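To convert, note that position 71 of the sequence shown is 70 in numbering that gives the first Met the number 0; the numbers rise steadily by one, no gaps. Idealized CB from N, CA, C, for every residue including glycine. Predicted model, so just to flag it, every value in this text is computed and none were measured. As structure tokens, the structure follows; a few thoughts come after it.
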Amino acid sequence: MDLIIKKWIDPHFDTGGWEYFDLSCKNRDDTEDKCLFDAVAAGARIGAIFKEPTVTPTAIQKELLGLKKTWGSPNGAMRRGWNGITISRDTIHIEGMELGYKKPVLFERHAVGGEYGAGFKAGIGKGKVVTVHLGADGDATIVDQRDLSDDNNAVVTYHNPIDNVTDLAHHFFARCLVADGGKGVVPYVVTKKTVFKWQEGFWVAMKEVFDAHYKDKYLAKGLLETVGGELPHLISDAATMQIIRWTGGGFGMAAHNYDGDMLTDEVAQVHRSPGFINSVLIGKKANGEIIKEYEASHGTVADMDAARLRGEETSLNPLGMVEALFGAMDHSADLAGGREDVKDFTASLRKIVHKCMVEGKGTRDLCGPSGLTTEQFIDEVASQIGKDVSAATAAPTKPVAAEKDVDDEAINALFNELDTDGNGVIDKAELKAGLIKLNLAPIPMIKTLKADT
Numbered sequence: 000m001d002l003i004i005k006k007w008i009d010p011h012f013d014t015g016g017w018e019y020f021d022l023s024c025k026n027r028d029d030t031e032d033k034c035l036f037d038a039v040a041a042g043a044r045i046g047a048i049f050k051e052p053t054v055t056p057t058a059i060q061k062e063l064l065g066l067k068k069t070w071g072s073p074n075g076a077m078r079r080g081w082n083g084i085t086i087s088r089d090t091i092h093i094e095g096m097e098l099g100y101k102k103p104v105l106f107e108r109h110a111v112g113g114e115y116g117a118g119f120k121a122g123i124g125k126g127k128v129v130t131v132h133l134g135a136d137g138d139a140t141i142v143d144q145r146d147l148s149d150d151n152n153a154v155v156t157y158h159n160p161i162d163n164v165t166d167l168a169h170h171f172f173a174r175c176l177v178a179d180g181g182k183g184v185v186p187y188v189v190t191k192k193t194v195f196k197w198q199e200g201f202w203v204a205m206k207e208v209f210d211a212h213y214k215d216k217y218l219a220k221g222l223l224e225t226v227g228g229e230l231p232h233l234i235s236d237a238a239t240m241q242i243i244r245w246t247g248g249g250f251g252m253a254a255h256n257y258d259g260d261m262l263t264d265e266v267a268q269v270h271r272s273p274g275f276i277n278s279v280l281i282g283k284k285a286n287g288e289i290i291k292e293y294e295a296s297h298g299t300v301a302d303m304d305a306a307r308l309r310g311e312e313t314s315l316n317p318l319g320m321v322e323a324l325f326g327a328m329d330h331s332a333d334l335a336g337g338r339e340d341v342k343d344f345t346a347s348l349r350k351i352v353h354k355c356m357v358e359g360k361g362t363r364d365l366c367g368p369s370g371l372t373t374e375q376f377i378d379e380v381a382s383q384i385g386k387d388v389s390a391a392t393a394a395p396t397k398p399v400a401a402e403k404d405v406d407d408e409a410i411n412a413l414f415n416e417l418d419t420d421g422n423g424v425i426d427k428a429e430l431k432a433g434l435i436k437l438n439l440a441p442i443p444m445i446k447t448l449k450a451d452t
């Protein structure tokens, strides 16, 4: 990102008011995490944040980097410090480029609760575990008690806040209603409430908001015609399958923290890569003002960074990080009272980035072996800033995989499996049967959800 800011932003835009915080493992270690606390405090004050991918060190990295400890993920501190409500992750679409989903897919991942904030104790032997809640008034309530018959157990405790699900619901339903150029998309609430009974509260809170504030608006747009006229619920198992099947897009999902994390990874893979998914943490100040923290949905590309440090050539697609930077700049413009000059600047840059990718001047994950290196792509975009940017003139470029990356043995095995009569040709019937067997057969979005299984 240093190169991008140096070549795309600094020559054309005043960044003098920007505040920077080094959240590298080494600096967190040297400052005993003061740098993280300072960043969280600044984010709460400013309200518009851009975050690059960070490393949460493993035990091996702790030794390699000479750290005092394996510092925890900074994301948890940020979500708590900014009163995180939801993490919005949506597909990025580029005109003239064929990706996984034809229409937008929107996702809300509850920003707090679940396994990510769990307390645990490993190596617990036989005995009894009692989970007790001590109320503010001092009253004690037994939440759970169970006997342990194994010699070695891991005991885990976590909770899911429900209070801010109302805010999540309003954010989700309002976004889905105007997505896809104002046409709207179908909203789904995803839980495993048939088995995890404690998830019922999430569904109830979402449905109450929908029925009271949004249902009539969705009905007026015809967005509930395929789902029985009501807010649809999906069991998380079913959601994993529909994400693969509904490649036409045009839907949104809202889920608990862990389910949202896993399902958005799946959305990213269907849509080409995590580089084509954005990620925005939505929080709230005490005065109700919205805090937005933008980052790429993917983490640090460790293998590519290691190659860069060795002086090797790399070709990293920066789209996710670039969209995050543009998003943070746009939100800061809103907080400043509507700085249209800022939004005009980011819109122009976004158009140039997309144009380069469509015209075959993107990185190699998009354009194959003939694609540009990371540095070449940054220079190409920089060279076009300030010029008249019209629509892409080259033929639309479809993402391609380099031939060297294809597993020929796996291709042969799959072909032989689909070619059931062994004649060396896969006809339509064999293709259909194979796709059904692989659970990849395209089907229409379900009209009604008969039962949660």
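Subject >> Backbone secondary structure at P186 - three-state DSSP >> reply: strand
Original post:
Could you check where the beta strand (DSSP E) with E290 kicks off and where it finishes?
Top reply: In the sequence on display, residue 290 carries Ile and not Glu. I289 to A295 is the span of the beta strand (DSSP E), which, as asked, contains I290.
**OP:** Mind the definition here: the region 46–58 touches the region 315–335 only if three or more C-beta pairs lie below 8 Å; say whether that holds.
**Re:** yes
Subject >> 6 Å Cβ shell around G251 - same chain, five flanking residues per side excluded >> reply: L105, C175, V184 and P186
**OP:** Kindly indicate which residue of G228, L262, L222 and H212 has the alpha-carbon position closest to the one of D236.
**Re:** L262
Original post:
Of all the options A335, G71, P103 and A178, which has the alpha carbon lying nearest to the alpha carbon of V269?
Top reply: P103
Subject >> Contact the region 124–137 vs the region 275–284: 3+ CB pairs below 8 Å >> reply: no
Subject >> Buried versus exposed call for V189 [16 or more other C-beta atoms within 10 Å across all chains shown] >> reply: buried
**OP:** Closer than 6 Å by C-beta to V155: which residues in its own chain qualify, once you throw out the five before and the five after it? Chain order, please.
**Re:** A117 and F119
Subject >> Secondary structure of K342, DSSP reduced to three states >> reply: helix
**OP:** Go through its chain and collect everything with a Cβ distance to D179's Cβ below 6 Å, but skip five positions before and after it.
**Re:** K102 and P103
**OP:** Note down, in chain order, each residue of its chain lying with its Cβ closer than 6 Å to the Cβ of E18, except the 5 sequence neighbours on either side.
**Re:** A41
Subject >> Cβ pair E107, H158 closer than 8 Å >> reply: no
Original post:
So, are the CB atoms of V54 and R78 less than 8 Å apart?
Top reply: no
Original post:
Three-state secondary structure (DSSP) at Q133?
Top reply: Going by the sequence as given, residue 133 is Leu instead of Gln. Note: L133 maps to strand in three-state DSSP.
Original post:
L315 and F275 look like a contact to me (Cβ under 8 Å); what is the Cβ gap, rounded to whole Å?
Top reply: Their Cβ separation, rounded to whole angstroms, is 14 Å, which puts L315 and F275 out of contact at 8 Å.
Original post:
Between the region 373–389 and the region 347–355, do three or more beta carbon pairs fall short of 8 Å?
Top reply: yes
Original post:
When every heavy atom of the ligand GTP is checked, does at least one fall within less than 7 Å of the C-beta of L413?
Top reply: Ligands are entirely absent from the displayed structure, and the ligand GTP is therefore not among its contents.
Subject >> Backbone secondary structure at I45 - three-state DSSP >> reply: helix
Subject >> Beta-carbon proximity list for I425, same chain, < 8 Å, skipping 5 on both sides >> reply: F414, L417, D418 and G433
Original post:
Can you tell me the Cα-Cα spacing of L167 and K191, whole angstroms?
Top reply: 18 Å
Original post:
Distance, Cα to Cα, E114 vs N256?
Top reply: 8 Å
**OP:** On a CA-only basis, which of R244, L365 and N82 is nearest I435? Give me that one, please.
**Re:** R244
**OP:** Within its chain, find whatever has a CB closer than 6 Å to the CB of P273; leave out the 5 residues flanking it on each side and keep chain order.
**Re:** A267, S296 and H297
Original post:
At what residues does the alpha helix (DSSP H) containing L147 begin and finish?
Top reply: Not the alpha helix (DSSP H): L147 falls in the beta strand (DSSP E), residues A139 to L147.
**OP:** Tell me, to the nearest whole angstrom, how far the beta carbon of M96 is from that of M356; I am working on the premise that it is less than 8 Å.
**Re:** 6 Å
Subject >> Delimiting residues of the beta strand (DSSP E) encompassing K283 >> reply: N277 to K283
Original post:
Looking at G124 and D150, is the spacing between their C-beta atoms short of 8 Å?
Top reply: yes
Original post:
Can the beta-carbon of L22 be found less than 8 Å from the beta-carbon of A76?
Top reply: no
Original post:
Rounded to the nearest angstrom, how far is the Cβ of L218 from that of G228, given a contact under 8 Å?
Top reply: 7 Å
Original post:
Between the C-alpha atoms of D89 and R271, what's the straight-line distance to the nearest angstrom?
Top reply: 13 Å
Subject >> Contiguous beta strand (DSSP E) assignments of at least 3 residues, all confined to the region 37–123 >> reply: 47–50, 85–89, 104–109 and 118–123
**OP:** Determine the extent of the alpha helix (DSSP H) in which V155 is found, giving its start and end residues.
**Re:** No alpha helix (DSSP H) contains V155, which is instead part of the beta strand (DSSP E) from N152 to T156.
Subject >> Nearest-angstrom Cα separation, counted from E322 out to Y293 >> reply: 8 Å
Original post:
Which class does T246 belong to by DSSP, given the choice of helix, strand or coil?
Top reply: coil
Subject >> Contact under 8 Å by Cβ, F20 with A38 >> reply: yes
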